[in-house]
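> Per our numbering, residue 34 is the first one in the sequence shown, and the count goes up by one each step. Glycine residues also receive a C-beta, built at the ideal position from the N, C-alpha and C atoms. The model shown is predicted, which means the values in this text are computed figures rather than measured ones. Structure below; questions to follow.
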Amino acid sequence: MRASPSSRTTGTPSSASPARHETRPSPPADGLDQAGPVRDDKADHDRRRHRHRLGVTTWQWAPRFAGAAAILAVATSSFAPRVQASSATSRHPVGSARGARHASPTTGLETVGQWTTYGGSSARLSDQPTTPPLLPIRSRWISPRLDGTVDGQPLLDDGRVYVATERDVVYALDASNGHVAWRDRIGTPAAATDLPCGDIGPTNGVTSTRVLDPSTAMLYASAETSVSGSVRHEMVALDATTGAVSWRRDLDRPGWDAAAQLQRAALALDDGYVLAGFGGNDGDCGNYHGWVVGVPESGTGPTIAYEVPTAREGAIWAPAGISVARDGDVYVATGYGSSTSTFDHGDSVVELTPRLRPVTLFAPSNWVALNATDGDLGSTAPLLLPGERVFMVGK
């Protein structure tokens with residue numbers, strides 16, 4: 034799971050016989066595109082199936098916001114924020130009561146943008162084709178100093194910029210001037226010294242990029258917390274207008290070591306659920322596994338989950354997180370597994386139904402070498418491209 038110099042891998046999908054989630058078949062030498070179990074949720078998910086092709090190339094890390102962060106807004110000659118007489122901060126001060134959603138005509142932006150999930154879309158494309166050219170770039174405003182490291186992407190909706198820190202504090206900033214509209218501490222962060230290893234410190238709080246549902250004005254954040262000295266993971270839903278906590282749910286699964294699990298992957302919304310991917314801490318210590326855990330957006334009802342069937346490892350840890358196709362299917366990339374003999378679904382791209390049941394998967398032909406050398410295919414997330422294609426790139 035650790036970052037390392039880039040390397041090139043190749044693989045070509047080929048048909049294979051169906052196999053259930055718990056089986057661990059050895060893939061053919063030229064790669065694997067393997068069918069999963071029959072859908073149990075076919076009645077509400079009956080749509081045309083597609084095969085997907087994968088491209089593989091090299092990549093580089095992008096730096097995170099280190100230290101106690103401040104958020105910088107930039108403007109260009111063709112895309113410049115403009116301060117309005119009425120700002121989001123003045124209309125919705127810290128501690129204001131829950132009220133109507135703030136209106137977009139007074140966002141303070143000359144061109145209104147929306148970035149409510151990592152990459153701007155559930156396909157993780159990081160592309161806004163209607164955005165004007167971004168040169169020359171100049172600073173427009175800098176926010177007040179935040180209370181900790183920001184590891185996730187800022188989100189933008191309706192004149193607000195949403196960020197969260199590793200001290201479990203979520204902020205809403207006025208997009209026109211950077212002023213704090215509201216802030217809310219959603220938990221007590223876990224101390225880095227309480228974890229078996231890792232590269233985040235001095236505390237672990239909100240590491241992943243949050244997700245916002247504009248239709249309900251709800252912001253969802255995954256928080257690592259400390260409760261009575263024990264590490265826990267929680268999903269927290271906040272009113273995006275006021276910052277008030279609507280609900281919180283436990284993300285931890287029975288029997289796992291919560292301190293060994295890290296929720297780094299960006300959250301996603303799909304078919305009424307908020308999805309979170311899990312892997313391990315930097316250093317790969319402890320008995321961690323790759324997981325996807327889903328919590329109903331309403332906060333009520335049972336959770337759903339998928340566990341990568343490795344003996345150990347197989348993290349779902351890429352910062353871009355979980356990709357969701359138009360038909361609702363979920364695509365995740367896994368890190369290396371612990372096996373170098375029996376295929377264990379490590380270093381793979383896995384397709385899941387909206388209820389997280391396996392459908393198909395792809396593994397490159399050199400999965401054994403990747404498992405043995407920390408050569409994570411899962412160091413980035415699948416990109417869902419036009420033409421029913423999935424583009425995947427690893428270390």
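For a test of the three-state rule: what should DSSP assign to Tyr151, helix, strand or coil?
Here Tyr151 sits in helix by DSSP.
> Using DSSP's beta-bridge definition, name the partner residues of Val357.
Its beta-bridge partners are Val363.
> Taking the continuous beta strand (DSSP E) assigned at Trp280, which residues delimit it?
Start and end: Val278 to Asp283.
> Could you tell me if Leu228 is buried or exposed, where buried requires 16 or more neighbouring beta carbons within 10 angstroms of its beta carbon?
Buried.
> Considering just the uninterrupted stretch of the beta strand (DSSP E) at Ala338, what are its terminal residues?
First-last of the beta strand (DSSP E) with Ala338: Ile337 to Glu340.
> Do the region 374-387 and the region 409-417 make contact, defined as three or more Cβ pairs closer than 8 Å?
With the cut-off at 8 Å, the region 374-387 and the region 409-417 touch.
> If you draw a straight line from the C-alpha of Thr149 to the C-alpha of Leu189, how long is it?
Taking the straight line joining both Cα atoms gives about 6 Å.
> On the CB-based measure, 16 or more other CB atoms within 10 Å of its CB, does Leu168 come out buried or exposed?
Exposed is the call here.
> May I ask you to report which of helix, strand or coil DSSP gives Leu206?
Correct three-state label for Leu206: strand.
> Since Trp350 sits in a beta bridge, which residues does DSSP pair it with?
Trp350 is not bridged to any residue.
> Can you grab the Cα-Cα spacing for the pair Phe395 / Val260, in whole Å?
Distance between the alpha carbons of Phe395 and Val260: 39 Å.
> Short check: CB of Gly354 to CB of Ala293, under 8 Å?
No. Outside cutoff.
> Buried or exposed: which applies to Thr163, given that a residue is buried once 16 or more other Cβ atoms fall within 10 Å of its Cβ?
Result: exposed.
> State the Cα-Cα distance for the pair Gly420 and Glu257, rounded to the nearest angstrom.
The alpha-carbon atoms of Gly420 and Glu257 are separated by roughly 38 Å.
> Could you tell me the alpha carbon to alpha carbon distance between Leu300 and Asp246, rounded to whole angstroms?
Straight-line Cα distance between these residues: approximately 12 Å.
> By DSSP, does Asn429 sit in helix, in strand, or in coil?
A query on residue 429 cannot be resolved here, the shown segment of the chain reaching from 34 to 428 and no further.
> Express the C-alpha separation of Val326 and Glu431 in angstroms, rounding to a whole number.
Limits of the chain in this structure are 34 at one end and 428 at the other, which puts residue 431 out of reach.
> What's the call for Thr333, buried or exposed, on a 16-neighbour Cβ count within 10 Å?
Per the 10 Å Cβ criterion, exposed.
> Hey, could you find the ends of the beta strand (DSSP E) Ser172 is sitting in?
Ile170 to Ile175 is the extent of the beta strand (DSSP E) around Ser172.
> For Asp232, which residues of its own chain have a beta-carbon under 7 Å away from its beta-carbon, when the five flanking residues on both sides are left out?
Result list for Asp232: Asp315, in chain order.
> Just the Cα atoms here: how many angstroms apart are Ser331 and Ala402?
Those two C-alpha atoms are separated by around 43 Å.
> Report the three-state DSSP secondary structure of Asp190 (helix, strand or coil).
In the structure shown, Asp190 sits in a strand (DSSP, three-state: E or B).
> I'd like to confirm the pairing. Which residues does DSSP put opposite Trp289 in its beta bridges?
Note: Trp289 sits in no beta bridge, so no partner.
> For the beta strand (DSSP E) that Asp218 lies in, which residues bound it at each end?
Residue 218 is actually Arg in this sequence, not Asp. Here the beta strand (DSSP E) through Arg218 covers Val213 to Arg218.
> Excluding five sequence neighbours on each side, which residues of the same chain lie with their C-beta closer than 7 Å to the C-beta of Arg243?
These residues qualify, in order along the chain: Gly185, Leu188, Tyr195, Ala197, Leu252, Tyr253, Ala254 and Leu300.
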